[in-house]
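Asks:
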Amino acid sequence: MSELAIDVRGLRKSYGEFEAVRGIDFEVRRGEVFGLLGPNGAGKTTTVEILEGYRERSAGHVSVLGFDPGRRPRELRARVGIVLQSTGLYRHIRVREALSHFGSMYPHPRDVDEVIALTGLEGKEDAVARTLSGGQLRRLDLALALVGDPELVFLDEPTTGFDPAARRTAWDTIRSLRDLGKTVLLTTHYLDEAQAIADRVAIIKDGRIAIEGAPDDLGSNGGVARYRVVYRNGTGRDIEQETDDPTTLLHELTGAALARGERLEGLSVARPTLEDVYLELTSGQADEAAAPIDDAAPLGSRRRGKRR
Ligand SMILES: Nc1ncnc2c1ncn2[C@@H]1O[C@H](COP(=O)(O)OP(=O)(O)OP(=O)(O)O)[C@@H](O)[C@H]1O
Ligand SMILES: [Mg+2]
Numbered sequence: 316m317s318e319l320a321i322d323v324r325g326l327r328k329s330y331g332e333f334e335a336v337r338g339i340d341f342e343v344r345r346g347e348v349f350g351l352l353g354p355n356g357a358g359k360t361t362t363v364e365i366l367e368g369y370r371e372r373s374a375g376h377v378s379v380l381g382f383d384p385g386r387r388p389r390e391l392r393a394r395v396g397i398v399l400q401s402t403g404l405y406r407h408i409r410v411r412e413a414l415s416h417f418g419s420m421y422p423h424p425r426d427v428d429e430v431i432a433l434t435g436l437e438g439k440e441d442a443v444a445r446t447l448s449g450g451q452l453r454r455l456d457l458a459l460a461l462v463g464d465p466e467l468v469f470l471d472e473p474t475t476g477f478d479p480a481a482r483r484t485a486w487d488t489i490r491s492l493r494d495l496g497k498t499v500l501l502t503t504h505y506l507d508e509a510q511a512i513a514d515r516v517a518i519i520k521d522g523r524i525a526i527e528g529a530p531d532d533l534g535s536n537g538g539v540a541r542y543r544v545v546y547r548n549g550t551g552r553d554i555e556q557e558t559d560d561p562t563t564l565l566h567e568l569t570g571a572a573l574a575r576g577e578r579l580e581g582l583s584v585a586r587p588t589l590e591d592v593y594l595e596l597t598s599g600q601a602d603e604a605a606a607p608i609d610d611a612a613p614l615g616s617r618r619r620g621k622r623r
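This is the structure we're talking about:
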């Protein structure tokens with residue numbers, strides 16, 4: 316059995332003249348939670364739905380659990396769970412009915428009550444789907460993806476509309492899937508979500524992967540965004556400096572302060588977060604947003620690294 320759950324090489328997708336996906340390569344290992352991030356229209360849903368067998372690709376190689384989803388193999392359907400970006404396909408069915416029905420299409424479905432509890436739908440078992448709130452309907456989508464106990468789960472913005480507590484619960488659910496050895500491919504616009512649950516992420520922009528790696532590594536080793544050092548000067552103003560080399564900068568700053576017999580008050584060093592890297596790679600205003608507080612600390616030119 317291949318170690319890879321998903322293997323994508325040179326994937327392209329055109330809608331008429333417009334090329335939405337422009338040569339994407341990535342791998343998702345079995346037992347991994349992999350996050351696709353990127354702005355609206357970047358090509359995430361297009362990519363995911365090609366992997367699900369819902370859209371045809373224009374070019375490239377795609378393998379999902381060893382199958383070509385473009386051929387819509389039967390074997391694949393029973394091993395995969397899906398949350399589509401668009402919701403509300405099952406408006407007239409009751410929650411428990413929907414879950415039992417979906418579960419019956421899989422060889423080893425999970426217990427329906429367990430899935431109801433897992434997704435916080437207790438008390439809504441007999442509710443008709445169309446009477447659910449937006450967030451509850453989204454929970455039903457997630458429940459439907461899990462009830463077949465699939466080994467691979469595609470989640471396209473699964474927690475959109477969730478309240479903060481429900482989002483945390485969904486994270487736990489997704490982590491527990493990983494603990495069970497399942498593979499998860501998700502898209503999200505919540506960078507804290509990606510940071511919290513994804514083993515690796517890829518940031519897509521304009522149909523290409525801009526960067527890929529573990530969320531923590533993108534911040535500390537990517538070289539895309541910089542460390543932020545803040546301290547207070549003699550007049551009580553916060554000075555912020557950005558650097559690729561915090562060790563040297565801190566050495567210089569603290570050395571100079573000690574030589575003056577001073578302390579650097581309010582000193583802090585922050586690693587670039589996934590959000591810093593994301594904004595740097597995807598937003599035209601990123602440089603403005605990261606402008607230094609003090610004019611005496613110019614940004615300098617930004618170094619680009621480890622990009623694809
Ligand atoms: N069926 C379609 N016909 C024509 N163009 C499409 C179609 N589906 C998507 N597109 C275009 O392809 C691009 C990528 O769309 P896609 O839905 O994959 O983006 P996304 O990354 O999922 O965005 P979002 O974060 O908004 O969900 C967009 O410019 C979109 O307008
Ligand atoms: Mg989408």
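Here the sequence shown is numbered in my numbering, starting from 316 and rising by one per residue. Glycine is no exception: its CB is placed at the ideal position from the N, C-alpha and C atoms.
#1: Looking only at its own chain, which residues have a Cβ that is under 8 Å from the Cβ of residue 578, when we skip the five neighbours before and after it?
#2: On the three-state DSSP scale, how would you describe residue 535?
#3: Applying the criterion that 16 or more other CB atoms from any shown protein chain within 10 Å of the CB defines a buried residue, is residue 434 buried or exposed?
#4: Closest by CA to residue 360, which one among 516, 405, 584 and 469?
#5: Taking residue 590 as the reference, give the member of 535, 569, 556 and 553 with the closest Cα.
#6: Does the separation of the CB atoms of residue 515 and residue 350 fall below 9 Å?
#7: Looking at the strands, I want to know which residues DSSP matches up with residue 471.
#8: For residue 519, which option in 353, 428 and 337 has the closest C-alpha, if you only look at C-alpha atoms?
#9: Would you list, in sequence order, the uninterrupted beta strand (DSSP E) runs of no fewer than 3 residues that lie entirely inside the segment 347–432?
#10: Check whether the Cβ of residue 556 sits closer than 8 Å to any heavy atom of ligand 1, and report yes or no.
#11: Let me know if residue 480 comes out buried or exposed under the rule of 16 or more other beta-carbons within 10 Å of its beta-carbon.
#12: Span of the alpha helix (DSSP H) holding residue 595?
#13: Are residue 411 and residue 441 close, meaning C-beta to C-beta below 9 Å?
#14: How would you write the range of the beta strand (DSSP E) that residue 334 sits in, first residue to last?
#15: Can the beta-carbon of residue 432 be found less than 9 Å from the beta-carbon of residue 597?
#16: Work out the CA separation of residue 461 and residue 439 for me, nearest whole Å.
Replies: Let's see:
#1: 572
#2: helix
#3: buried
#4: 469
#5: 535
#6: yes
#7: 502
#8: 353
#9: 348–352, 374–379 and 395–398
#10: no
#11: exposed
#12: 589–597
#13: yes
#14: 333–344
#15: no
#16: 17 Å
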